[in-house]
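*Asks:*
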């Protein structure tokens, strides 16, 4: 795929270090960024932001795509379910990301979506997966 996209980074200055093993984190970010890149229209941007909330480190990855239709939202974390055209997605990325976030890190993953903005948010406890 070829797109002209910009990446906007909004990282919190006071973000604490996570006390965890790093295995699995790359898979989470790869899947979320890949989906955001696919959804974002050419010439738009993908935004990555970080912040803290209570005792959690939060990472949000958003795009300016068409959004996830309401009737599909409850299925996006199911294995083999994809909103991408036939032959483009495997439907495993969000299922794998969810299993890693919840199973290895005791965190949560969720999203908000409307036309022009979908954001997936990962919340990891500061002592995740110790």
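Numbering (this note's numbering), first residue to last: 1251 to 1380. The beta-carbon is built from N, C-alpha and C at its ideal position, and this holds for glycine as well. Treat the numbers as computed from the prediction; the structure is a model and nothing was measured.
1) Can you tell me whether residue 1360 is helix, strand or coil according to DSSP?
2) Go to residue 1367, then tell me how far its beta strand (DSSP E) extends in each direction, as first and last residue.
3) Would you kindly check if the distance between the Cβ of residue 1293 and the Cβ of residue 1354 is under 7 Å?
4) Looking at C-alpha atoms only, which residue of 1265, 1291, 1277 and 1342 is the closest neighbour of residue 1365?
5) With C-beta atoms as the reference, is residue 1313 less than 7 Å away from residue 1296?
6) Are there 16 or more other CB atoms within 10 angstroms of the CB of residue 1273, so buried, or fewer, so exposed?
7) With 16 as the cutoff for other CB atoms within 10 Å, does residue 1271 come out buried or exposed?
8) Looking at the strands, I want to know which residues DSSP matches up with residue 1345.
9) Provide the residue span of the alpha helix (DSSP H) that contains residue 1278, from first to last.
10) Could you check what DSSP says for residue 1271 in three-state terms: helix, strand or coil?
*Replies:* For this structure:
1) strand
2) 1367 to 1375
3) no
4) 1291
5) yes
6) exposed
7) exposed
8) Looking at the DSSP assignment, residue 1345 forms no beta bridge with any residue, so it has no partner.
9) 1275 to 1289
10) coil
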